[in-house]
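The structure appears below as structure tokens.
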Amino acid sequence: MHFTIINLCAKLLINNKLTIAFAESITAGRLTYDFSTIDNSVAFLKGGIICFSNETKDQLLYNPAEITKKAKYSSLEATEDMARGLARLIPSAQIHVGVNGSNLPGDSEGIGNQTGTVYICALLNSEILFSREFKFDGTKEDIINQTIIHVAYFLRHYLENKQIQLNYTA
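Numbering-wise (the numbering used here), the sequence shown opens with residue 83 and increments by one.
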């Protein structure tokens, strides 16, 4: 299904000698899992963290001084902070991706997000590579799959088009 685009991302990561890590909420580990099933994933995948509960996000990823409570759990700002927190926890990766959002009624902590609202942020060497909000339809599984596809699509797009400056050490 979406493994073709993940395979393309893996090849681009390997060819550019880049590594990646994921901080996942809405996808609950599926993104890391899908990338881990690619041949030679050890060459590019550093790891992942599942922070499904808000308490876990607070404990592991967020710097409380940098984000307001209203935006804390389900927003683009919060997802950018997830990626930054991941960069502190897994500094050996050059790309850090955070995925967050709401795929079931009640997931959005009452701050007005609708089911299917998804936030994706990727950092390259601590600088924002892309940060976007999406509205997906369908079942919980559909929303998770669309999230994974969009992460892979944007990674592929930026890596193929060299819209990023590749600052890595060989």
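Backbone N, C-alpha and C define an ideal beta-carbon position, used for all residues, glycine too.
Would you decide whether Ile210 is buried or exposed? Buried here means 16 or more other CB atoms lie within 10 Å of its CB. exposed
Same chain only: Cβ atoms within 7 Å of Asn89, ignoring 5 sequence neighbours per side: Ile120
Buried/exposed call for Ala252, threshold 16 Cβ in 10 Å: Since pLDDT at Ala252 reaches only 31, below the 50 mark, its modelled position is unreliable, and no value is offered.
Taking all protein chains shown into account, decide if Val233 is buried (16 or more other Cβ within 10 angstroms of its Cβ) or exposed. buried
If Gly180 and Leu168 are in contact, beta carbons under 8 Å, what's the gap, nearest whole angstrom? 6 Å
Reduced DSSP secondary structure (H/G/I, E/B, other) of Phe212: strand
For His232, does the three-state DSSP call read helix, strand or coil? helix
When the Cα atoms are used, what is the spatial distance from Ser157 to Tyr201? 7 Å
What are the boundary residues of the beta strand (DSSP E) that Leu127 is part of? Leu127 to Ile132
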